[in-house]
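Each residue of the sequence shown is one higher than the one before, counting from 21 in my numbering.
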Amino acid sequence: MTALHQVFSHVRFKDVLEIRTPDRPPFGYELAPAAFITGLLQAPCCLDVVAETVASWTLEERYEAIEKSKTIDLSQIAFDRKSFRHWNEKLFELSLEGLDERAEQLCIPSERIYLEPFVEQFLSKGPCTLQIQEEFASSGKTLKEFIRSRWENQKGQVSSNI
């Protein structure tokens with residue numbers, strides 16, 4: 021087990037926190053998960069707020085939120101009687117602030133450019149999975165045709181960016 025811990029050391033802070041990123045972020049947003057976590061955990065202002073907020077959640081609330089999160093519905097009530105949408109907005113806001121603070125501290129350009137487009141898309145149109153499902157439902161294509169056309173479109177976008 022120690023060997024595995026060493027191999028994946030980039031996603032662990034000792035034995036306290038393990039960060040799991042998506043296996044395949046939505047096309048065009050590949051760096052959004054890294055930017056999101058960086059903004060939350062590498063800026064003191066945000067880290068303190070996140071730590072205090074999460075510490076206030078009871079174990080029962082956490083288990084309840086895990087169960088509710090199995091259904092993609094941002095209107096469900098989670099912690100402190102606030103919706104998942106509220107918590108998404110709050111965490112996105114904190115992360116973007118954290119990226120700006122980090123940029124100022126390190127004298128680098130803000131990495132919010134990697135997260136902000138995803139945040140705007142997510143908050144205006146909802147989770148990508150639901151967007152794709154709706155796109156498929158209204159496409160009139162078979163599943164095979166739909167997948168193929170999405171792949172061709174994405175492949176074309178990559179080619180035009182090279």
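C-beta atoms are modelled at their ideal positions from N, C-alpha and C, and glycine is treated no differently.
6 Å CB neighbourhood of residue i in its chain, flanking five on each side removed
i	result
residue 119	59, 130, 131, 132
residue 164	none
Residues near residue i by beta carbon distance below 7 Å, same chain, minus five either side
i	result
residue 69	114
residue 47	174
residue 149	92
Through-space distance from residue j to residue i, alpha-carbon basis
i	j	result
residue 141	residue 80	32 Å
residue 75	residue 93	24 Å
residue 71	residue 77	10 Å
residue 49	residue 101	30 Å
residue 67	residue 96	25 Å
Bridge partner(s) assigned by DSSP for residue i
i	result
residue 10	Examination of residue 10 is not possible in this model, given that the chain is present from 21 through 182 alone.
Contact check, residue i vs residue j, beta carbons under 8 Å
i	j	result
residue 145	residue 153	no
residue 53	residue 42	yes
residue 86	residue 57	no
residue 166	residue 159	yes
Query raised in the report: Which parts of the stretch 98-129 are runs of the alpha helix (DSSP H), unbroken and 4 residues or longer, counting only runs that do not cross its ends?
Result: As far as the stretch 98-129 is concerned, its whole alpha helix (DSSP H) runs of at least 4 residues are 104-126.
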